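Participant:
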Amino acid sequence: MVVDGRTLTCTDVELVADHKVTVRVSPDAAHRAEAAWRLVTDLSAEREIYGRTTGVGANRDLTVDEDAGPEHGRRLLRSHAGGTGDLVPARTLRAMLLIRLNQLAAGGSGAHPRLLDTLAQALNTGSVPRIHRTGAIGTGDLTALAETALALSGEVPWLAGGVAPVSLDTSDALAFMSSNAATLAEAVLASLELDRLLRASHVVAALSYVVLGGSAEAYATAVHEARPHPGQVRCAAEMRRLLGMTGEPRPGRRIQDPYGLRAFPQVQGPALDALAYLWEVLGVEINSATENPMVSLSARNVFHHAHFHTAYVAVALDRARATIHHVAELSATRLGDLVEPSFTDLPAFLAVGPPGSSGVMILEYVAHDALAALRQAALPVTLGTAVVSRGVEDHASFATQAARQAVAVGVAYRQVLACELVAAVRALRMRPADLMDLPVRLGFEIADAVLDPGLADRALSGDLAVAGGLLGRLSSV
């Protein structure tokens, strides 16, 4: 993969995070980085530049002694490497290193170009720094990137692997730290997980539709042309495809279905739209020169600004999490319909055995436990703020927390969908003729091949683990 500072995608980030490709820096990007480094070095001799000739934060008005040399930069990194809590997983760290490399390749940091080569080497050798998770509020991942810089310079050990130490002088310290690469890494990987789950949810909902004898009218083309929100239209079209719907809608068992089926496009649609917007935001962020101050080669100048503020990311993540909560609620309602004989014409709780058998009764409890966790993770982080550094930095986006919560939403949503999938497959096993030759049959066959075929009362934990693991495959049915 060629890193050029301009064309990185979320999918690219995941490929590198999963160690599936190697990277190299494009010659043009290396040239831009060197030109920016030379320009800011010259300008630093002529004017004050934040973090290079001055302190940072509330110390912005304090001038650094000219003879301080590299020691100012080292002090800056050491003092900011104050993260705490759990360590960031290696997969997220590889994503972070790639995003930071791509941002530096955009040519706005003024950091020494040797940093680009060293980051590429770290990625290609599987080396990851030891980074603590807690320490950012959406205005720059200062602790995470300070810890990364200390590993690059050889001052602290790597979590895995390692590269030859690279010298970081005064001009490199803030230039390297001035980024939200760790937050963006977590957000990108979470968004891709949510995308897989949303795509899989079409298949799971379609399987439930078959069991419940749903009405095709709710997905009819004419219905959604009358109110053509993009995500809603896309969802209805996908349901028509999976359910083999052509021509006039076929009647279902009821004149109108419960909301879990009937309102699925209207609820799934906003989530699809929210995720599409989130990808737009992340695509801009991972390909932008966001460092403060920013070196502009075209203007031959250095600008002080607020690109470190990630309100766009925080708001987009809040929106995505809120919409997915609504989609997960519909999954839980469909699960409730699947265990109700009046909807399925099957035994209560899909039970097989002596009177009083429980079947999948417990799945509703599991689903609502996961849904409660999802509901908490979906609460907006953008309603709070922070005032730090003696009042100079008086607003925060908390995009970092929004990204963490997006990961939690993905975990909980996967659990909810797994509950519905286990129940739907069980019901279809009890009445297999319902599937006939529908395209969604492939989804059933994938699950049927690996889920325990036993219908007698037993522990379902293993079924849920398998079902949760299948959702990635179902996303491409």
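When we follow full-length UniProt numbering, the leftmost residue of the sequence shown carries the number 1, and every step to the right adds one. Glycine included, every Cβ here is placed at the ideal spot set by N, Cα and C. Only a predicted model underlies this, so the values are computations on that prediction, with no experimental measurement involved.
Pairs of beta-carbons, one from the stretch 376-396 and one from the stretch 332-343, closer than 8 Å: are there three or more?
Facilitator: As far as the Cβ criterion goes, the stretch 376-396 does not touch the stretch 332-343, which means the pair count is below three.
Participant: Report yes or no: do the stretch 174-181 and the stretch 102-115 share at least 3 C-beta pairs separated by less than 8 Å?
Facilitator: Yes, since at least three Cβ pairs between the stretch 174-181 and the stretch 102-115 fall closer than 8 Å, the two stretches touch.
Participant: Using the Cα positions of I324 and P258, report the straight-line distance between them to the nearest angstrom.
Facilitator: Looking at the two C-alpha atoms, the distance is approximately 19 Å.
Participant: Can you tell me which of T134, R196, E71 and E225 puts its alpha carbon nearest to the alpha carbon of S167?
Facilitator: Closest option to S167, Cα to Cα, is E71.
Participant: To the nearest angstrom, how far is the alpha carbon of A146 from that of L417?
Facilitator: Approximately 39 Å between the Cα atoms of the pair.
Participant: Taking DSSP as the reference, what is the three-state secondary structure of E393?
Facilitator: Correct three-state label for E393: strand.
Participant: Mapping the DSSP letters down to three states, classify G85 as helix, strand or coil.
Facilitator: In the structure shown, G85 sits in a strand (DSSP, three-state: E or B).
Participant: Use the C-beta contact count for residue 484: other C-beta atoms within 10 angstroms, 16 or more gives buried, fewer gives exposed.
Facilitator: As shown, the chain starts at 1 and ends at 477. That puts residue 484 outside it, with no answer to give.
Participant: Run through the DSSP bridge pairs and tell me what F264 is partnered with.
Facilitator: DSSP, once it has assigned bridges, lists no residue as partnering F264.
Participant: Please determine, among Y219, T310 and A328, the residue with the shortest C-alpha to C-alpha distance to Q415.
Facilitator: For the residues Y219, T310 and A328, the minimum Cα distance to Q415 belongs to A328.
Participant: Could you give the DSSP three-state label for V425: helix, strand or coil?
Facilitator: V425 falls in the helix class under three-state DSSP.
Participant: Taking T134 as part of the beta strand (DSSP E), name the residues at either end of that continuous run.
Facilitator: Run containing T134: H132 to T134, per the beta strand (DSSP E) assignment.
Participant: By Cβ distance, which residues of its chain are closer than 8 Å to V128, with the 5 residues on each side in sequence left out?
Facilitator: If we look at V128 and ignore the five residues flanking it on each side, its Cβ neighbours are A90, L93, R94, L97, A122, W158, L159, A160 and G161.
Participant: What separation, rounded to the nearest whole angstrom, lies between the Cα atoms of F303 and D141?
Facilitator: Taking the straight line joining both Cα atoms gives about 20 Å.
Participant: Give the range of the beta strand (DSSP E) segment to which V302 is assigned.
Facilitator: Taken as a continuous stretch (DSSP letters only), the beta strand (DSSP E) holding V302 covers N301 to F303.
Participant: Count the CB pairs spanning the stretch 417-432 and the stretch 203-219 that are closer than 8 Å, and state whether there are at least three.
Facilitator: Segments in contact, yes.
Participant: The alpha helix (DSSP H) with V223 in it runs from where to where?
Facilitator: Unbroken alpha helix (DSSP H) run through V223: T221 to E225.
Participant: So is G443 buried or exposed if we call it buried at 16+ other beta carbons inside 10 Å?
Facilitator: The residue in question, G443, is buried, as its Cβ has 16 or more Cβ neighbours within 10 Å.
Participant: When you compare the CB positions of D463 and D448, do they come within less than 7 Å of one another, or not?
Facilitator: No, Cβ-Cβ distance for D463 and D448 is not below 7 Å.
Participant: How big is the Cα-Cα spacing for T333 and R199?
Facilitator: T333 and R199: Cα-Cα distance of roughly 19 Å.
Participant: DSSP puts W158 in a beta bridge; with which residues?
Facilitator: DSSP output for W158 lists P129 as bridge partner(s).
Participant: With distances taken Cα to Cα, identify the nearest neighbour of R319 among A185, V477 and A399.
Facilitator: With distances taken between Cα atoms, R319 lies closest to A399.
Participant: Buried or exposed, going by whether 16 or more other CB atoms sit within 10 Å of the CB of residue 479?
Facilitator: Examination of residue 479 is not possible in this model, given that the chain is present from 1 through 477 alone.
Participant: Identify which residue in G231, L212 and V407 has its Cα closest to the Cα of P251.
Facilitator: Ranking G231, L212 and V407 by Cα distance to P251 puts L212 first.
Participant: Who are the Cβ neighbours of L317 in its own chain at under 7 Å, not counting the five residues just before and after it?
Facilitator: If we look at L317 and ignore the five residues flanking it on each side, its Cβ neighbours are A187, L278, A399, A402, A403 and A406.
Participant: Restricting to runs no shorter than 4 residues, where is the alpha helix (DSSP H) found entirely within the stretch 304-372?
Facilitator: Whole alpha helix (DSSP H) segments, 4+ residues: 311-338 and 341-344.
Participant: CB L471 to CB N287, shorter than 7 Å?
Facilitator: No; because the gap between Cβ atoms is not below 7 Å, this pair is not in contact.
Participant: Quick one: is T118 buried, meaning 16 or more other Cβ sit within 10 Å of its Cβ, or exposed?
Facilitator: With 16 or more other Cβ atoms within 10 Å, it is buried.
Participant: Would you call the CB atoms of A181 and V25 closer than 7 Å?
Facilitator: Taking 7 Å as the Cβ cut-off, A181 and V25 do not qualify as a contacting pair.
Participant: Checking the sheet assignment: what are the DSSP bridge partners for M294?
Facilitator: According to DSSP, M294 bridges with F303.
Participant: Please name the residue in L197, L243 and D195 whose C-alpha comes closest to that of E217.
Facilitator: Here the closest residue by C-alpha is L243.
Participant: How far does the alpha helix (DSSP H) with E238 in it reach, from first residue to last?
Facilitator: Where E238 is concerned, the enclosing alpha helix (DSSP H) stretches over P230 to L242.
Participant: From this set, G468, A456 and A373, which residue's C-alpha is nearest E420's C-alpha?
Facilitator: Checked all of G468, A456 and A373; the closest Cα to E420 is G468.
Participant: Evaluate D18 with the Cβ neighbour count: other Cβ atoms within 10 Å of its Cβ, from every protein chain shown; 16 or more gives buried, anything less gives exposed.
Facilitator: The residue in question, D18, is exposed, as its Cβ has fewer than 16 Cβ neighbours within 10 Å.
Participant: Since S476 is in the alpha helix (DSSP H), which residue starts that stretch and which ends it?
Facilitator: Premise fails: S476 is in no alpha helix (DSSP H) and is neither H nor E.
Participant: Tell me where the alpha helix (DSSP H) around Y209 begins and ends.
Facilitator: A181 to L212 is the extent of the alpha helix (DSSP H) around Y209.
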